[in-house]
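Under the UniProt record's numbering, the residue at position 178 of the sequence shown is numbered 178, and the numbers go up by one with no gaps. What follows is a short report on a single structure.
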Amino acid sequence: MEESRRQDRTGRRAGRKPVFTASDVVNAAIAEGVDTFTLSAVAERLGVATPAVYRLYRSRDDIVVAALDLIASSFRLPDEGASWREVLRLWADETWRICETYKGINRVVYSNPTAFTHIEDVIGAYADALGTSGKTPGQALFALDFIGDTVMASHLGVETMRAVDATNTTGLERARAGTSDDAVMKPDEEWTDGAFMNAKVEFLIAALGHDWPEAPTAG
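In structure tokens:
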């Protein structure tokens, strides 16, 4: 009787090929780190050969683009009637959450000149919410860009303090070991969380209550 499952040329039984989707590829890349993933690592995570990934994405850059679109879709948008302060605090919180959730996203944003285009709709929604409080598009862009940069840069610093080296020593521990007793800046546990970032954001919001500059806008 003929076998129901054929054997390959090496004599091993050839089972069903693993099935995966474009979303599976993107999620695997995100799990590996959206800034550092390799196609081979993505393929290994999916349990397939690397060439199989090319059936869905032509290049690594295409996967990055798809990841940026997915990440952009996860932003929470302002509630109707929110004050401008509430809108900016939500923007800061969501930017921080994105950095915490998607490893390496801030590095991708800073190294990819078109990354911002993937959150145009998000930026537009926040700008519209600020517009209901009388802020111009230029003012909205200035505040969102300033706070977004502040949060992402702060998160890069936090990542450095959290990072563990080959000796299982954290960045914070190394910073403490290299800091003298009379140093002005003394490494603190808050350097590994968002407390310092929150203080910066509140300072910016307070400053905007007195003067709100305009950013250049097209048209």
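Glycine included, every Cβ here is placed at the ideal spot set by N, Cα and C.
- In this structure, Ala125 keeps its C-beta atom at 8 Å or more from the C-beta atom of Ala140.
- For Val184, the secondary structure class from DSSP, reduced to helix, strand or coil, is coil.
- The shortest C-alpha to C-alpha distance from His155 to any of Lys103, Lys135, Pro113, Val25 is the one to Lys103.
- Judged by their CB atoms, Leu172 and Met161 are nearer to each other than the 8 Å cut-off.
- By the C-beta criterion, the stretch 54-69 is judged to be in contact with the stretch 109-123, since at least 3 inter-stretch pairs fall below 8 Å.
- The DSSP-derived three-state label of Val48 is coil.
- Note on geometry: alpha-carbon atoms of Arg55 and Phe142 lie some 42 Å from one another.
- Sequence-distant Cβ neighbours of Thr150 in its own chain, meaning closer than 6 Å and more than five residues away, are Lys200.
- In this structure, the beta-carbon distance from Asp181 to Val108 does not fall below 8 Å.
- Within the DSSP bridge table, the entry for Val164 names Thr170 as partners.
- According to the DSSP assignment, Gly134 belongs to no alpha helix (DSSP H), since it is labelled neither H nor E.
- Taking a 10 Å sphere around the C-beta of Pro51, we find fewer than 16 other C-beta atoms and assign the residue as exposed.
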